[in-house]
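Here is the structure we will look at.
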Amino acid sequence: MSSPAPTAESVLTHLCKSVVTEPESVSIDVVEDGELVRMNVSVAPDDMGRIIGRRGRVASAIRTVVNAAASKDGVSAKVEFVE
Amino acid sequence: MTWITTTAKSLPEAIDLALDNLGVDESEAEIVVVEEPKQGFFGRAKGIAKVEARVKPKQVRNKQDRKRRQNNRPSNKNSGLKPQKGAKSNAPKPASPRKNPKQRQDKPAADRPAPDTPIEEVSDFLKQYMVGLSEAFGIDDNVAVKGDAEAGLTVSLEGQHGLLVGQKGRTLNAIQELVRVSTQRSKPSEYRIYVDVGGYREKRREALSKFALDAAEKAKAEGIEVVLDPMPSADRKVIHDALNDDPEVETRSAGVEPRRKVVVVPVENN
Chain A
0 MSSPAPTAES
10 VLTHLCKSVV
20 TEPESVSIDV
30 VEDGELVRMN
40 VSVAPDDMGR
50 IIGRRGRVAS
60 AIRTVVNAAA
70 SKDGVSAKVE
80 FVE
Chain B
0 MTWITTTAKS
10 LPEAIDLALD
20 NLGVDESEAE
30 IVVVEEPKQG
40 FFGRAKGIAK
50 VEARVKPKQV
60 RNKQDRKRRQ
70 NNRPSNKNSG
80 LKPQKGAKSN
90 APKPASPRKN
100 PKQRQDKPAA
110 DRPAPDTPIE
120 EVSDFLKQYM
130 VGLSEAFGID
140 DNVAVKGDAE
150 AGLTVSLEGQ
160 HGLLVGQKGR
170 TLNAIQELVR
180 VSTQRSKPSE
190 YRIYVDVGGY
200 REKRREALSK
210 FALDAAEKAK
220 AEGIEVVLDP
230 MPSADRKVIH
240 DALNDDPEVE
250 TRSAGVEPRR
260 KVVVVPVENN
């Protein structure tokens, strides 16, 4: 993998696909931005609420776990959920 | 939008579970109570609470649809759940009876499993989830699922992996939250689910209990209220439990999540 954050990316993929109802619609766009690796996740419109969760609880849990994974890659990850 | 079904011991819990499941706030959800626990003696509830819920559709539903819930007459129009755009129908009594899941044809039935997945299936799902997660982390370790219907299911990695635990277990708790949400969505059940890594939970419990005893000593010795750091509800429970038997102190929680904390209060003994 030529990803700047292979661990973070595969962890993010696993977490997102497990939580949505349409895993095949999950796509992750990885952009390097200096020290930061931006990961933009898009999901099926019906899954947007699920991936964010009530009061953003699911989204924030995903960010916590992905940050841990990113530290293994030696980078900081910033996860955004986009429509 | 798909209807989902959740069950729990009490109505608020069932609703909470449904909202967690849909990932929306109460204001954005449509909730139908299917079953309520009956009040038994001494405030003990008997039976379970069961609710059906879905995310409110954004469009205003037409009259046909709005009447749907008040009407239990079977209908030949089984797609009554989808508001038809522009269909300002005045049809008097249509509606598909919501209590009969077979009438709900807006999504395949597989999308709405009943919340009674067999424990083996839940257990398999947990195992797969953790194997997938540890592989994604590049960790090669054994995944075990232990527990039963009574105690709940604990899925754990055997080795020490500080990366998955994080500061004060923050990463582990996030993983647990995600495992719970994902499991509830694809294998809905009433089993409690826990995630552990390298026996961290037990070690944390011991450390917290010791910490609680120290705080109690301080409260008693100095006659002051000792306010602990904010911690998640599971950790607070450990503190409350640890000091439950000590008649010289009382514990209460103060503040608002996620900054809720335990206060240890010395009991005046005169």
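Which chain is which? The protein sequence lines are A and B, in order.
The first sequence begins at 0 in numbering that gives the first Met the number 0 and counts up one residue at a time.
The second sequence begins at 0 in numbering that gives the first Met the number 0 and counts up one residue at a time.
Built from N, CA and C at the ideal position, the CB exists for glycine as well.
| query | result |
| --- | --- |
| Hey, is Gly-73 (chain A)'s beta-carbon within less than 8 Å of any beta-carbon in chain B? | no |
| Name the two residues that bound the continuous alpha helix (DSSP H) containing Ile-27 (chain A). | No alpha helix (DSSP H) holds Ile-27 (chain A); the beta strand (DSSP E) holding it covers 26-32. |
| Helix, strand or coil: how does DSSP classify Ile-223 (chain B) here? | coil |
| For Thr-170 (chain B), which residues in chain A fall below 7 Å Cβ to Cβ? | Thr-63, Val-64, Ala-67 |
| Please list, in chain order, all residues of the same chain as Gly-168 (chain B) whose beta carbon is under 7 Å from its beta carbon, the five residues on each side excluded. | Tyr-199, Arg-203 |
| For Val-194 (chain B), which residues of its own chain have a beta-carbon under 8 Å away from its beta-carbon, when the five flanking residues on both sides are left out? | Met-129, Thr-153, Val-154, Ser-155, Leu-171, Ile-174, Gln-175, Val-178 |
| Report the residues of the region 13-24 of chain B with a CB closer than 7 Å to any CB of chain A, ordered along the chain. | Leu-18, Asp-19, Leu-21, Gly-22, Val-23, Asp-24 |
| Using the DSSP secondary-structure output, state which residues sit across from Arg-53 (chain B) in a beta bridge. | B:Glu-29 |
| Any beta-carbon of chain A closer than 8 Å to the one on Phe-51 (chain B)? | According to the sequence shown, residue 51 (chain B) is Glu rather than Phe. Chain A contact via Cβ: absent. |
| Among the residues of its own chain, which have a CB less than 7 Å from the CB of Val-18 (chain A), if the five just before and after it don't count? | Arg-49, Ile-50, Val-57 |
| With DSSP run on the structure shown, which of helix, strand or coil describes Arg-200 (chain B)? | helix |
| By the criterion of Cβ-Cβ separation under 7 Å, what are the contact partners of Tyr-128 (chain B) in chain A? | Ser-17 |
| Report yes or no: do three or more beta-carbon pairs, one from the region 205-224 of chain B and one from the region 136-154 of chain B, lie closer than 8 Å? | no |
| Using the Cα positions of Leu-14 (chain A) and Pro-246 (chain B), report the straight-line distance between them to the nearest angstrom. | 45 Å |
| Is it true that the region 231-238 of chain B meets the region 204-218 of chain B, where meeting means three or more beta-carbon pairs spaced less than 8 Å apart? | yes |
| Do Ser-41 (chain A) and Val-81 (chain A) have their CB atoms nearer than 8 Å? | yes |
| Could you work out which residues of chain B lie near Ser-9 (chain A), taking near to mean beta carbons separated by less than 7 Å? | Ala-135 |
| From which residue to which residue does the alpha helix (DSSP H) around Gly-161 (chain B) run? | 161-164 |
| In the DSSP assignment, the beta strand (DSSP E) including Ile-3 (chain B) goes from what residue to what residue? | 3-7 |
| Give the DSSP-derived three-state secondary structure of Ala-48 (chain B) in the structure shown. | strand |
| Taking the beta carbon of Lys-49 (chain B) as the centre, do at least 16 other beta carbons fall within 10 Å, making it buried, or is it exposed? | buried |
| Which of the three DSSP states is assigned to Ile-138 (chain B) in this structure? | coil |
| Which whole-angstrom value is the C-beta distance of Glu-157 (chain B) and Ala-143 (chain B), which I expect to be below 8 Å? | 7 Å |
| Would you call Lys-186 (chain B) buried or exposed, if buried means 16 or more other Cβ atoms sit within 10 Å of its Cβ? | buried |
| Is it right to say Glu-119 (chain B) is buried, meaning 16 or more other beta carbons lie within 10 angstroms of its own, or is it exposed? | exposed |
| Express the C-alpha separation of Lys-260 (chain B) and Val-196 (chain B) in angstroms, rounding to a whole number. | 25 Å |
| For Ile-192 (chain B), which beta-bridge partners are listed by DSSP? | B:Leu-152 |
| Judging by CA-CA distance, which residue of B:Pro-11, B:Pro-229, B:Gly-161, B:Leu-21 is the nearest neighbour of Lys-55 (chain B)? | B:Leu-21 |
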